[in-house]
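Colleague:
Protein chains: 4
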Amino acid sequence: MTDFFKGIAPLQFDPASSELAFRHYDADEVVLGKRMEDHLRFAAAWWHSFAWPGGDPFGGQTFERPWFGDTMDLARLKADVAFEMFDILNVPFFCWHDADIRPEGASFAESRRNFEEIVDYIIGKMEGSKTKLLWGTANLFSHRRFMAGAATNPDPDIFAWSAATVKSCLDATQKMGGQNYVLWGGREGYETLLNTDLKRERQQAGRFLQMVVEYKHKIGFKGAILVEPKPQEPSKHQYDFDVATVYGFLKEFGLEGEVQMNIEQGHAILAGHSFEHELALAASLGIFGSIDMNRNDYQSGWDTDQFPNNVPEVALTYYEVLKAGGFTTGGTNFDAKLRRQSLDPVDLIAGHAGAMDVCARGLKAAAAMLEDGTLEAMRAERYAGWDSAEAQAMLTGDLAGAAARVEAEGLDPQPRSGRQEILENIVNRFV
Amino acid sequence: MTDFFKGIAPLQFDPASSELAFRHYDADEVVLGKRMEDHLRFAAAWWHSFAWPGGDPFGGQTFERPWFGDTMDLARLKADVAFEMFDILNVPFFCWHDADIRPEGASFAESRRNFEEIVDYIIGKMEGSKTKLLWGTANLFSHRRFMAGAATNPDPDIFAWSAATVKSCLDATQKMGGQNYVLWGGREGYETLLNTDLKRERQQAGRFLQMVVEYKHKIGFKGAILVEPKPQEPSKHQYDFDVATVYGFLKEFGLEGEVQMNIEQGHAILAGHSFEHELALAASLGIFGSIDMNRNDYQSGWDTDQFPNNVPEVALTYYEVLKAGGFTTGGTNFDAKLRRQSLDPVDLIAGHAGAMDVCARGLKAAAAMLEDGTLEAMRAERYAGWDSAEAQAMLTGDLAGAAARVEAEGLDPQPRSGRQEILENIVNRFV
Amino acid sequence: MTDFFKGIAPLQFDPASSELAFRHYDADEVVLGKRMEDHLRFAAAWWHSFAWPGGDPFGGQTFERPWFGDTMDLARLKADVAFEMFDILNVPFFCWHDADIRPEGASFAESRRNFEEIVDYIIGKMEGSKTKLLWGTANLFSHRRFMAGAATNPDPDIFAWSAATVKSCLDATQKMGGQNYVLWGGREGYETLLNTDLKRERQQAGRFLQMVVEYKHKIGFKGAILVEPKPQEPSKHQYDFDVATVYGFLKEFGLEGEVQMNIEQGHAILAGHSFEHELALAASLGIFGSIDMNRNDYQSGWDTDQFPNNVPEVALTYYEVLKAGGFTTGGTNFDAKLRRQSLDPVDLIAGHAGAMDVCARGLKAAAAMLEDGTLEAMRAERYAGWDSAEAQAMLTGDLAGAAARVEAEGLDPQPRSGRQEILENIVNRFV
Amino acid sequence: MTDFFKGIAPLQFDPASSELAFRHYDADEVVLGKRMEDHLRFAAAWWHSFAWPGGDPFGGQTFERPWFGDTMDLARLKADVAFEMFDILNVPFFCWHDADIRPEGASFAESRRNFEEIVDYIIGKMEGSKTKLLWGTANLFSHRRFMAGAATNPDPDIFAWSAATVKSCLDATQKMGGQNYVLWGGREGYETLLNTDLKRERQQAGRFLQMVVEYKHKIGFKGAILVEPKPQEPSKHQYDFDVATVYGFLKEFGLEGEVQMNIEQGHAILAGHSFEHELALAASLGIFGSIDMNRNDYQSGWDTDQFPNNVPEVALTYYEVLKAGGFTTGGTNFDAKLRRQSLDPVDLIAGHAGAMDVCARGLKAAAAMLEDGTLEAMRAERYAGWDSAEAQAMLTGDLAGAAARVEAEGLDPQPRSGRQEILENIVNRFV
Ligand SMILES: [Co+2]
Ligand SMILES: [Co+2]
Ligand SMILES: [Co+2]
Ligand SMILES: [Co+2]
Ligand SMILES: [Co+2]
Ligand SMILES: [Co+2]
Ligand SMILES: [Co+2]
Ligand SMILES: [Co+2]
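Chains as they are written, first to last, in UniProt numbering: chain C, 1 to 431; chain X, 1 to 431; chain P, 1 to 431; chain W, 1 to 431.
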């Protein structure tokens, strides 16, 4: 037991507490026939919680953590503290990048050995914990070797390095019983088209993703392969811009049955979408997988990765998740970082706990909206005209046939109210 | 001859002129082995030039045109003036929506009859003119019946109305010898997800586009079917968000060999892209078709549809067009409107003439960059590592194979300068 | 009694109702020692509710109101319906532009006569109603004569026209017992700097505002003069960009004691601010006046003027209002329009009723946060170091004196947690 | 002589060169009666050129510079290389933050001693160089002690630290003959209003700036005090949002005659303005000082600090500078960083050289536009109506008087074309 979280006991569900506690999240509460824990499937992220030093483009490290440094001992200390946080929060899952959990070595081989050793150490920790691995992923963007891309790098040796990294991360994910493997291509894009062969780079990215999927099957990994879209930052333009873009990419490379989406609210916003749009689109295309439940600041033009705090927004999120059938291998990952001024250990606990409560409120509101049924009834009623055989026949007919009805029947269709304000009022009954 | 442009003679190429003239656009100048007119294939747009009254969300009509009104006589006067402008500008092409050229009737049948009559009148005008039809399109967004969509409307009768409208517009486009037919789905999206069945609406849109393509083949229309992407406005979210989104949509509905893109600079910007990105992406996916060469104001969050005026930006546009092989059926359409304070007939001529000069400068700069070859040589050199057989073999191999090389060969790839500033300096030698 | 709202009875406070009712807004409920009606001081806006036809840049009128048209009879009918809505909603206030309530005449004199006649008609309506005038304002932006500005127009005759318009509007506001007079300068800005004498135009605007203030005193108008900032739209740049800009403008023209702010959430967002920022800044500068409680869509780059629907955001709004001492002459105006697809009379009622409920929830949450006191205690504690005499002395001393302490005392100040997540969690206990 | 720039000779003006050279910037060329060097007054920035390691929020150091590290020897090496770059570029000025040029010490006193020592070293370098100091400034944002602000910090000891830092930087600026002193308040703002006493912080900031001005006079510093506005980043909101905001701030604290603006293009864009807007506004308010000539990427929502590369934009910049009378103490600083992939020493030279050429082209175009006079004549003509005595009298009269004319004279003012497209065409003759 480290003393990092000294004085902070595991959080209890206690709506009336004046201390640090869950006011809304009760893991065992049954919502729509399922425990909240099984609905929400919360995961904490190693990177933002334990590896990020608090820097921004105009300032350096603000956090002073006893595990900061590059030794294996410190990596183990970090893992010890991480599992202490998982216990305090009672989160069923966690996530990692390779670079979060192991010190970088002087060579690939040394990095890999460090990684394998710490993976075993974490597996040991998992044996004494309820917390499982939601997903692993490879950091192919922080080191300067990746500055011009990983799979899309102009240098084929970096493609090889990336392949080797993903291979070892996928192996480790399988070994740890991970339920998914995620690819986020922060550098798979460009800074300027002037030095970029966009077509070639997209082909490299497509082939790389095919190779990952092939390898998954080869080793018998049963989890899902997830791609996390983001439009830009760090790149000026990233090939995995948004859900619609990735869908086209998957179709182009024959991967639409193999790969699903890990959708982050902040990235949706950067791409000019609402989060619920991205979720609804992914669900409608059959590629919905998992979510990163961290918001952006609407006034900031970059990825702020903040814990969620707006219940009405979160309710719409889980409304789409529930309509999509809920998570299977996916879950609710907090890819969220503390504000860099939130220096204290208790901030880390409070950030997660507040977010978990917000998600619990959102889930319960979403469930209530579904059970109430008014929203879906009004939606169905709006499209009821399409339920007639004649209307459906029009869709299987031809343009001239559809057109002929207009004059033949003297059609003069009148618009009907979209009732947006009424629908928003109905949502507000539940949030 | 109307007197609308009284005193304005057809523009001449006269670099030294102190009057209204082309300073850079000489239709007959040969660039890269082709006349500039044949490269640029300029088109003027009926809508913005002759039908838009100058309104904005906070103010009404500013233009007072003698042809404003709803009679056939006024529609013919408008056509007369349009062709006078085409002659003054010597543009080889024009474009229309049905609603631009004919008065709305009291019924579909009356609107169609108005339309067919004015189409014949315009065909008569074309016989005395060099100006041809680049593309026709249907206005399925202005009338209140389309407020909730055309093909994606909850009311199947509006789907039928839209089918009938596109049928008549495609028939007219063919009759007028049009080289393309464009679909822009300004209302094919939603205001709020709360009242929207996104999956159903996308299916309707997909089927509609298939029906259009089938009808094209049925009537033997030889032109291209083009979709014009736009992320939003008027809708909060539009299904044809950007080139990548439309590509996925075409793949989903089996249309990727049938449909190409009409890409507008302003829409690229609204979607968070540079224009050259959208062009390069479309070319790399084999779906590049035509362009709407009108810019947005970078400080305004809506579609300002301004004439292009920045030569360095336009040079990068034509650089991508030339690299894509140039236009075949497509061209450079000015989907641009005067600022609403630009009341005078001469403003309409000057807006187009300035834009044509800017495009001519851009094209010549792009051609010079290609002929110089430095940019492409530097790009090729950056990826030269991939030209080896070993690197190519890696792409056809598997993940483990690619990975194995890293440790076996002790790879330690070093980043190389991306040389962005140098490349930008090279571009600046030509613009 | 018109039949426009036929079947819609005045709304009751009935939290358990399944019909149209207030679930949270009880005008007589006492919050922090004051009735909610007296806290919130709701106002309905004539323009968006009764005059806006539902157009957007890509489509025309969607609403079909029996009072649309240009006769005095229709203007009276519109007023009748307006007061019926005020009664149904039980709103204590309304607001108008001159152009909302009277038909435009063929000359200024005719417009003025129309205006004066309808003002008297409305005064008659007010006598039978509880609803008072929160503010009047002049529409100096819709007519084409204002396309290049009102007070800032290059044509001095339009300055005169604007003066005459404001004079008659201020006279009418006084006659109707209005509590404020608002100026919003939608065209007081520019489309392009190339044709703009920015210095001259700002001087014209400053002198105009001085003249308005002088006239207010001359006629003994007791209400407040309010300026409503907006950064752009319809202009590319508007001189009243945001609260900070207007403050500088008031200081420049010696008006900071005479003019206060009418702050709109949507305009705050367009200017890159949160609404609470603009409120807190205005309060700190002593120029807080009134609010337009209508939101923008965060994904749309223009002014969507939607009814508020997010309780956590609205709670932060009223938290700032309460900290500023609450409204005096000001109030909560819904400068909000229905979505253009919301065609039905009930939509108009539901839009306002939902917004009033959201505001009531926000107010009650804000009051509870203030009564709880934790937020303010934590804020005060954060700055407690400044409460020492030594710290205060430093502010009245000089730079060298402040500097000298650092080495003399060997200062090594350590950062302390900003506790943002904890504070956000506290807010979430109340919303 | 270090070997960092080995093989790179001082750049020559040689338009026909195929090597690294100035194609447009000839320091001695006379434009509008003044040498270009004296017009443009180029400065290189120590921070971006020599101290920035190439990091971004998703990746660390990419540059490997021999002077990276924390010793005085390395600081001297950095200075040696800096002056070698100044010589190669023939720039007349440079700029620094204290933290750029000296290693941070373990205490304030040690940092100060390091600073004073390196200041003397740089003064020695200056004696052998033509390059002078344009401005010095204090870095009050990178170290974690400033995470919650410098002058606006909740901790008065950090106010004291900031005072001591600015005092030593202003002393050093004076000692080095600097022509200006700049304050940029990257952390003078907030992350969340919830923990912020906005009024108190603004008062602290105002008093701090007064103290700086008082100290300037006390020590007899003859240069200008400049404030550099920026709306956000690193803070969510920064008190020095834009020129208009700072103007109000200066008025509030009685500093408008004492402080001028250092305006950066990228910051203008982040604030929703064009660069030329900020310049024109500052000039019209009498607070124009100097410029940071580095652009943002319009598609990226953060401060990219790129070298300028768009001649038409830069021409409009210098058009405003020339209209404002040109620089006095100010100049053209490149507060620009290489892209993080531009690893080579030659990139640093090329980035600056390309920018200097772009500025030279912009200046010459701006001068030509002024000499041509058409733009200014058209502007003056547009406002000519205001030149009559009657129009001017209206401005000194009262509202009722201005109003009375409208009906008395039967005014019916007609809008005139704003001629934006024609004006843009005229600009394009020169760029
Ligand atoms: Co993120
Ligand atoms: Co994420
Ligand atoms: Co457009
Ligand atoms: Co277009
Ligand atoms: Co508004
Ligand atoms: Co408003
Ligand atoms: Co900057
Ligand atoms: Co700067």
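The C-beta atom is built at its ideal place from N, Cα and C for all residues, glycine as well.
Fair warning: this is a prediction, and the values are worked out from it, not measured in the lab.
Between which two residues does the beta strand (DSSP E) harbouring Leu-250/P extend?
Modeller: As a position in the third sequence, residue 250/P is number 250, starting the count at 1. Careful: Leu-250/P lies outside any beta strand (DSSP E), inside the alpha helix (DSSP H) at 243-252.
Colleague: What residue range is occupied by the uninterrupted alpha helix (DSSP H) comprising Lys-132/C?
Modeller: For the purposes of this step, residue 132/C is taken as residue 132 along the first sequence, with counting starting at 1. First-last for Lys-132/C: 132-137, but that is the beta strand (DSSP E), not the alpha helix (DSSP H).
Colleague: Around the C-beta of Gly-286/W, are 16 or more other C-beta atoms found within 10 angstroms, so that it is buried, or is it exposed?
Modeller: The sequence position of residue 286/W within the fourth sequence is 286, counting from 1. It counts as exposed.
Colleague: Under 7 Å, do residue 436/W and Gly-331/W count as touching if we go by C-beta distance?
Modeller: This structure gives no information on residue 436/W, because the portion of chain W shown stretches from 1 to 431.
Colleague: Apart from the five residues just before and just after Ala-44/C, which ones in its own chain have a Cβ nearer than 7 Å to its Cβ?
Modeller: Residue 44/C sits at position 44 when you count from the first residue of the first sequence. Cβ within range, chain order: Met-85, Phe-86, Leu-89, Val-91, Phe-94, Phe-334 and His-352.
Colleague: Compute the Euclidean distance between the alpha carbons of Glu-381/P and Ala-160/W, then round it to the nearest angstrom.
Modeller: On the third sequence, residue 381/P is found 381 positions in, with the first residue counted as 1. On the fourth sequence, residue 160/W is found 160 positions in, with the first residue counted as 1. Their backbone Cα atoms lie some 19 Å apart in a straight line.
Colleague: According to DSSP, is Asp-357/X helix, strand or coil?
Modeller: On the second sequence, position 357 is the one that residue 357/X refers to. Residue state, collapsed to three classes: helix.
Colleague: Name, going along the chain, the residues of the stretch 130-150 of chain W whose beta-carbon falls closer than 8 Å to a beta-carbon of chain C.
Modeller: Under the 8 Å Cβ criterion, the stretch 130-150 of chain W contributes Phe-141, Ser-142, His-143, Arg-144, Phe-146, Met-147 and Ala-148.
Colleague: Are the CB atoms of Gln-179/P and Gly-223/P within a distance shorter than 7 Å?
Modeller: Taking the first residue of the third sequence as position 1, residue 223/P is located at position 223. Taking the first residue of the third sequence as position 1, residue 179/P is located at position 179. Against a cut-off of 7 Å, the Cβ pair of Gln-179/P and Gly-223/P comes out as a contact.
Colleague: With the cut-off set at 7 Å, would you say Ala-366/X and Ala-315/X are in Cβ contact?
Modeller: One-based indexing of the second sequence puts residue 366/X at position 366. One-based indexing of the second sequence puts residue 315/X at position 315. Their beta carbons are under 7 Å apart, which means Ala-366/X touches Ala-315/X by this criterion.
Colleague: For the alpha helix (DSSP H) that Ser-111/X lies in, which residues bound it at each end?
Modeller: Indexing the second sequence from 1 puts residue 111/X at position 111. Element bounds for Ser-111/X: 108-127.
Colleague: Is Gly-185/C close to chain W, meaning its C-beta is less than 7 Å from at least one C-beta of that chain?
Modeller: For this step, residue 185/C is matched to residue 185 along the first sequence. No, because no Cβ of chain W sits closer than 7 Å to the Cβ of Gly-185/C.
Colleague: Is the Cβ-Cβ distance between Leu-228/W and Leu-279/W less than 7 Å?
Modeller: Residue 228/W sits at position 228 when you count from the first residue of the fourth sequence. Residue 279/W sits at position 279 when you count from the first residue of the fourth sequence. According to the sequence displayed, residue 228/W carries Glu and not Leu. Result no, Cβ atoms of Glu-228/W and Leu-279/W do not sit closer than 7 Å.
Colleague: For the stretch 344-400 of chain P, list the alpha helix (DSSP H) runs that are entirely contained and at least 4 residues long, ordered along the chain.
Modeller: For the stretch 344-400 of chain P, whole alpha helix (DSSP H) runs of length 4 or above, ordered along the chain, are 345-372, 374-382 and 389-396.
Colleague: Run through DSSP, which three-state label would Lys-222/P get?
Modeller: Taking the first residue of the third sequence as position 1, residue 222/P is located at position 222. Correct three-state label for Lys-222/P: coil.
Colleague: Can a CB atom of chain C be found closer than 7 Å to the CB of Ile-158/X?
Modeller: By 1-based counting over the second sequence, the position of residue 158/X is 158. For Ile-158/X, the answer is yes, since a Cβ of chain C falls inside 7 Å of its Cβ.
Colleague: Is Asp-100/X close to ligand 4? I mean its beta-carbon at under 6 Å from any heavy atom of the ligand.
Modeller: Working through the second sequence from its first residue, we reach residue 100/X at position 100. Every heavy atom of ligand 4 is 6 Å or more from the Cβ of Asp-100/X, so no.
Colleague: Let me confirm a value: Ser-417/W is counted as buried when at least 16 other C-beta atoms fall within 10 Å, else exposed. Which label applies?
Modeller: Position 417 of the fourth sequence holds residue 417/W. Buried, by the Cβ-count rule.
Colleague: Using a Cβ-Cβ cut-off of less than 8 Å, give me the residues of the stretch 270-281 of chain P that come near chain C, in sequence order.
Modeller: Within the stretch 270-281 of chain P, the residues whose Cβ lies closer than 8 Å to some Cβ of chain C are Gly-272, His-273 and Ser-274, listed in chain order.
Colleague: Nearest chain P C-beta to Asn-425/C closer than 7 Å, yes or no?
Modeller: Translated into the one-based positions of the first sequence, residue 425/C becomes position 425. Interface residue, yes.
Colleague: Cβ closer than 7 Å: which chain C residues qualify as neighbours of Phe-241/X?
Modeller: Along the second sequence, one-based indexing puts residue 241/X at 241. Within 7 Å Cβ-Cβ: Ala-244.
Colleague: Excluding five sequence neighbours on each side, which residues of the same chain lie with their C-beta closer than 8 Å to the C-beta of Ser-107/X?
Modeller: Position 107 of the second sequence, counted from the start, is the residue given in the question as residue 107/X. Hits under 8 Å: none found.
Colleague: Is the beta carbon of Ser-129/P less than 7 Å from the beta carbon of Phe-63/P?
Modeller: Translated into positions along the third sequence, residue 129/P becomes position 129. Translated into positions along the third sequence, residue 63/P becomes position 63. Cβ distance not < 7 Å, so Ser-129/P and Phe-63/P don't count as in contact.
Colleague: Using CA atoms only, rank isn't needed, just tell me which of Thr-374/X, Gly-326/X and Ala-377/X is closest to Asp-38/X.
Modeller: The residue given as residue 38/X occupies position 38 in the second sequence. Of the listed residues, the one whose Cα sits closest to Asp-38/X is Gly-326/X.
Colleague: Cα separation between Lys-6/P and Asp-347/C?
Modeller: Here residue 6/P corresponds to residue number 6 of the third sequence, with the count starting at 1. Here residue 347/C corresponds to residue number 347 of the first sequence, with the count starting at 1. So the alpha carbons of these two residues sit roughly 55 Å apart.
Colleague: Which of the three DSSP states is assigned to Met-261/C in this structure?
Modeller: Counting from one through the first sequence, the residue named residue 261/C turns up at place 261. Met-261/C falls in the strand class under three-state DSSP.
Colleague: What is the residue span of the alpha helix (DSSP H) that Asp-100/X lies within?
Modeller: Residue 100/X sits at position 100 when you count from the first residue of the second sequence. Start and end: 98-101.
Colleague: Which residues are close to ligand 5, meaning CB closer than 7 Å to any heavy atom, in chain order?
Modeller: The answer, residue by residue, is Lys-230/P, Glu-264/P, Gly-266/P, His-267/P, Asp-292/P, Asn-294/P, Asp-303/P, Asp-305/P and Asp-335/P.
Colleague: In angstroms with no decimal places, state the Cα-to-Cα distance between Lys-78/X and Thr-374/W.
Modeller: Sequence index remark: in the second sequence, residue 78/X carries index 78 (1-based). Sequence index remark: in the fourth sequence, residue 374/W carries index 374 (1-based). Computed Cα separation, rounded: 33 Å.
Colleague: Which residues does DSSP pair with His-237/P in a beta bridge?
Modeller: To locate residue 237/P, count along the third sequence from 1; it is residue 237. Answer is Tyr-190/P.
Colleague: Looking only at its own chain, which residues have a Cβ that is under 7 Å from the Cβ of Val-246/X, when we skip the five neighbours before and after it?
Modeller: Numbered from 1 along the second sequence, position 246 holds the residue referred to as residue 246/X. Cβ within range, chain order: Val-227, Pro-229, Asp-240 and Met-261.
Colleague: Exposed or buried, which one is residue 448/C when buried takes at least 16 other CB atoms within 10 Å?
Modeller: Nothing can be reported for residue 448/C: it is not among the residues displayed for chain C, which extend from 1 to 431.
Colleague: What did DSSP end up calling residue 462/W once you bin it into helix, strand or coil?
Modeller: This structure cannot speak to residue 462/W, because chain W is shown only from 1 to 431.
Colleague: Does the beta carbon of Trp-302/C sit closer than 7 Å to a beta carbon anywhere in chain W?
Modeller: The residue you call residue 302/C lines up with position 302 of the first sequence. Yes, Trp-302/C lies at the interface with chain W (some Cβ there is under 7 Å from its Cβ).
Colleague: Pull out every residue of the stretch 340-372 of chain P whose Cβ sits closer than 9 Å to any Cβ of chain C, in chain order.
Modeller: Cβ contacts with chain C come from Arg-340, Gln-341, Ser-342, Leu-343, Asp-344, Val-346, Asp-347, Leu-348, Ala-350, Gly-351, His-352, Ala-353, Gly-354, Ala-355, Asp-357, Val-358 and Arg-361.
Colleague: Please go through the same chain and pick out, in chain order, the residues whose beta-carbon is closer than 6 Å to the beta-carbon of Arg-23/C, but skip the five residues on each side of it.
Modeller: For the purposes of this step, residue 23/C is taken as the residue at position 23 of the first sequence. Taken in chain order, the residues that qualify are Pro-15 and Asp-357.
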